[in-house]
Amino acid sequence: MSAESPKFDLQNVDYSTYLVTDSTMIPESSTFLKQVEDSIKGGATIVQLREKSLSTLEFIARAEKVHQMTKRAGIPLLINDRIDVALAIDCEGVHIGQDDMPAKLARKILGEDKIIGITCSNPGEVEVVCQEQIADYVGLGTVYQTNTKKDTKTPHGIGPIGIRQMLRVLNIHNSSEAGTGKQIKSVAIGGVNHTNASKVLFQCKYKNETLDGLAIVSCIMAAQDAKSATETFIERANSKFVHNDLDSASISPKSITEKHPLVHHITNNVVKNFSANVTLAIGGSPIMSELAEEFQEFSEKFENLSLVLNLGTPIPSQVELFKHAIVTYNETKTPIVFDPVAAGASEARLNVCKQLLNAGHMTVIKGNLGEISAIYKLTTEYGTKIDKVTEVAMRGVDSAGELREHDIFKIAQAIIEDFACIVVITGEINYVCRVDGHGSLEVEKVQGGSPVMGLITGTGCSLGSTIAAYLGASSSNQFSATVAAVRIYNEAGRTAAISSSKNLEEVPKPAAFQSHFIDTLYTLSTR
71 MSAESPKFDL
81 QNVDYSTYLV
91 TDSTMIPESS
101 TFLKQVEDSI
111 KGGATIVQLR
121 EKSLSTLEFI
131 ARAEKVHQMT
141 KRAGIPLLIN
151 DRIDVALAID
161 CEGVHIGQDD
171 MPAKLARKIL
181 GEDKIIGITC
191 SNPGEVEVVC
201 QEQIADYVGL
211 GTVYQTNTKK
221 DTKTPHGIGP
231 IGIRQMLRVL
241 NIHNSSEAGT
251 GKQIKSVAIG
261 GVNHTNASKV
271 LFQCKYKNET
281 LDGLAIVSCI
291 MAAQDAKSAT
301 ETFIERANSK
311 FVHNDLDSAS
321 ISPKSITEKH
331 PLVHHITNNV
341 VKNFSANVTL
351 AIGGSPIMSE
361 LAEEFQEFSE
371 KFENLSLVLN
381 LGTPIPSQVE
391 LFKHAIVTYN
401 ETKTPIVFDP
411 VAAGASEARL
421 NVCKQLLNAG
431 HMTVIKGNLG
441 EISAIYKLTT
451 EYGTKIDKVT
461 EVAMRGVDSA
471 GELREHDIFK
481 IAQAIIEDFA
491 CIVVITGEIN
501 YVCRVDGHGS
511 LEVEKVQGGS
521 PVMGLITGTG
531 CSLGSTIAAY
541 LGASSSNQFS
551 ATVAAVRIYN
561 EAGRTAAISS
571 SKNLEEVPKP
581 AAFQSHFIDT
591 LYTLSTR
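Counting from 1, position 1 in the sequence shown corresponds to residue 71 in the numbering used here; the numbering is continuous, with no gaps.
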């Protein structure tokens with residue numbers, strides 16, 4: 071007779087490395103039970119046995135064998151869907167989906183000492199779980215596209231943006247129940263693997279509500295060495311995803327010309343020439359590559375490297391190229407400047423922005439107030455209450471005059487808190503914003519350039535080139551680098567407006583201004 075199942079404190083279960091089994095992807099050199107056992111040896115902290123094709127008799131037999139392993143390791147075993155199997159082997163709990171047995175009935179059958187987890191794919195489903203206060207944890211997803219769940223409602227995944235929306239609901243519940251009621255834990259599932267584990271943990275958080283674990287399937291069950299794969303996964307998950315920029319050291323234009331950073335542009339065809347000339351003028355080296363095969367080589371070969379990602383004309387093939395660049399450069403912590411050009415012009419463009427922000431981390435998001443307010447619509451805070459900011463964002467911002475400075479800062483802070491980036495809002499006054507180490511918004515205001523800049527294609531986009539060059543030369547103090555870039559760019563605009571006019575009363579002509587502007591950038595960068 072098997073040993074009695076261990077009892078777990080339901081509020082202190084370790085969900086961090088949550089193995090979900092799949093018997094359809096076992097390597098020829100291994101067996102199902104060996105993969106599970108090796109993963110447990112590698113550090114899996116909880117196992118969910120998921121079987122869709124076994125008979126009840128076969129399922130129970132397999133579950134008993136897996137349970138022997140988990141009991142030896144002192145970790146819980148959960149059964150997916152099948153409460154009868156969980157009862158038969160007296161394991162530690164179950165995981166149920168939205169279409170399975172109601173949680174209330176499952177709890178009645180299983181008792182109060184068993185773990186119950188529920189799959190949730192939207193905030194409404196999490197809200198129901200919180201109201202019932204029956205489940206011990208929720209499985210949130212799917213995060214990314216996955217082949218292990220064919221019936222997912224969102225085949226491409228809901229991404230970190232969708233996970234954060236659900237964590238917001240959990241945060242409200244767990245905060246209100248602190249010290250008195252049940253704290254509901256959370257696990258992210260769907261497409262999570264070695265390459266994105268630290269990114270998922272970094273991006274999927276809302277205020278103090280963070281994920282309690284990551285569910286892994288194919289990256290372990292299909293691995294040639296499941297023990298090593300699990301150890302590597304844990305190491306990657308615990309690694310730092312991005313540099314937390316809290317350095318306030320200044321950066322000079324001279325450092326750009328000395329370090330000669332390589333600025334990789336994936337940008338609008340109509341601005342490539344101007345962006346390249348601006349990059350050269352400030353001391354950088356531009357490259358306009360859309361050859362995905364060389365991105366990895368760039369990231370490994372060049373130390374002072376940065377990427378400008380300009381939304382441009384986002385046809386499907388270009389969007390996939392963007393995603394590939396984001397993932398590649400995130401791996402080496404290469405700074406990325408994202409310019410969501412005309413993000414608010416259509417739902418299609420905003421949806422592309424959503425895909426890209428779900429794909430990885432941007433160091434800087436730069437745009438005019440209309441573009442930045444469109445990105446605000448992707449934040450967790452958007453729409454949580456009807457106020458001036460929400461109303462203006464819903465219809466689209468036409469000018470800075472529609473919002474008070476306080477409202478603009480609210481938009482910036484919501485974006486920064488969700489996407490952990492620096493936000494640059496351009497206009498007559500430029501705002502460079504970050505959240506400091508104490509959670510407070512820090513804003514540097516920079517006087518704008520010249521109105522004539524709006525008459526020349528590429529002057530907005532090429533600010534992104536300038537920021538990227540400064541980031542590439544000084545990735546350890548990103549906020550200071552961004553502020554310095556915005557300052558020199560706008561100073562060049564004001565100076566060029568004067569030098570390209572015959573007198574102070576004359577409005578400079580665009581063509582004359584353009585050449586003076588690049589010359590002025592060069593002069594300011596080499597002084």
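We treat Cβ as the ideally placed atom computed from N, Cα and C, and that holds for glycine. From a predicted model like this one, the values you see are computed outputs, not experimental measurements.
In angstroms with no decimal places, state the Cα-to-Cα distance between residue i and residue j.
i: Met139; j: Gly534; result: 54 angstroms
i: Ser72; j: Ala292; result: In this prediction, Ser72 has a pLDDT of 49, which is less than 50 and means its spatial position is unreliable; what the coordinates show is noted afterwards. Computed Cα separation, rounded: 29 angstroms.
i: Phe365; j: Gly437; result: 25 angstroms
i: Tyr540; j: Pro386; result: 30 angstroms
i: Gln253; j: Val208; result: 11 angstroms
i: Glu373; j: Val312; result: 16 angstroms
i: Asp108; j: Asp151; result: 24 angstroms
i: Glu370; j: Arg557; result: 31 angstroms
i: Thr496; j: Cys190; result: 39 angstroms
i: Val341; j: Lys480; result: 31 angstroms
i: Glu417; j: Ile166; result: 34 angstroms
i: Thr126; j: Gly453; result: 47 angstroms
i: Met95; j: Ser268; result: 24 angstroms
i: Gln215; j: Ile588; result: 44 angstroms
Using CA atoms only, rank isn't needed, just tell me which of the options is closest to residue i.
i: Asn263; options: His243, Leu237, Thr212; result: Thr212
i: Glu279; options: Thr300, Arg234, Ala267; result: Arg234
i: Thr596; options: Val516, Ala543, Pro323, Ser510; result: Pro323
i: Ile179; options: Asp169, Leu427, Val340, Leu157; result: Leu157
i: Gly181; options: Gly167, Asp169, Gly163; result: Gly163
i: Cys274; options: Arg132, Ser246, Gly229, Ala131; result: Gly229
i: Ile478; options: Val459, Tyr452, Glu367; result: Val459
i: Val287; options: Leu281, Tyr276, Lys277, Ala299; result: Ala299
i: Ile396; options: His335, Gly507, Ile321, Val199; result: His335
i: Gly440; options: Pro405, Ala543, Pro384, Ala482; result: Ala482
i: Gln294; options: Pro331, Lys104, Glu401; result: Lys104
i: Phe583; options: Tyr592, Asn547, Ser571; result: Ser571
i: Gly144; options: Ile186, Lys111, Ile357, Gly227; result: Lys111
i: Ala490; options: Gly542, Thr450, Glu390; result: Thr450
i: Ala114; options: Phe344, Asn400, Ala285; result: Ala285
Rounded C-beta distance between residue i and residue j? I'm assuming under 8 angstroms.
i: Ala551; j: Val378; result: Actually they are not in contact, since the Cβ atoms of Ala551 and Val378 sit about 14 angstroms apart, beyond 8 angstroms.
i: Pro193; j: Met236; result: 5 angstroms
i: Ile204; j: Lys174; result: 6 angstroms
i: Arg118; j: Leu80; result: The sequence given here places Gln at residue 118; Arg does not occur at that position. With 8 angstroms as the limit, Gln118 and Leu80 do not qualify as a contact, their Cβ atoms being about 16 angstroms apart.
i: Lys77; j: Ile231; result: That belief does not hold up - the Cβ atoms of Lys77 and Ile231 are roughly 38 angstroms apart, past 8 angstroms.
i: Phe303; j: Cys289; result: 7 angstroms
i: Pro608; j: Ile116; result: The chain is shown only over 71 to 597; residue 608 falls outside these bounds and no answer can be derived.
i: Asp92; j: Arg120; result: 7 angstroms
i: Gly283; j: Asn338; result: Between Asn338 and Gly283 the Cβ distance is about 42 angstroms, and since that is not below 8 angstroms, they are no contact.
i: Pro405; j: Ser376; result: 4 angstroms
i: Phe129; j: Val155; result: 5 angstroms
i: Ser520; j: Gly563; result: 5 angstroms
Can you tell me whether DSSP reads residue i as helix, strand or coil?
i: Pro386; result: helix
i: Glu99; result: One point to set straight first is that residue 99 is Ser, not Glu, in the sequence displayed. Residue state, collapsed to three classes: coil.
i: Tyr559; result: helix
i: Gln215; result: coil
i: Pro230; result: helix
i: Ile153; result: helix
i: His137; result: helix
i: Cys491; result: coil
i: Asp409; result: strand
i: Leu591; result: helix
i: Ile166; result: strand
i: Pro193; result: helix
i: Arg621; result: Since the displayed the chain opens at 71 and closes at 597, residue 621 lies outside it and no answer follows.
i: Glu512; result: strand
i: Ala395; result: helix
i: Thr460; result: helix
i: Tyr540; result: helix
i: Gln203; result: coil
So is the beta-carbon of residue i under 7 angstroms away from any non-hydrogen atom of the ligand MN?
i: His508; result: Annotation note on the ligand MN: not contained in the displayed structure, which lists no ligands.
Which full runs of the alpha helix (DSSP H) of 4+ residues lie inside the region 263-321, going along the chain? Qualifying alpha helix (DSSP H) stretches, in chain order: 267-273, 288-291, 296-307.
Please give me, in chain order, every unbroken run of the beta strand (DSSP E) with length at least 3 that falls completely inside the region 323-367. 332-336, 355-357
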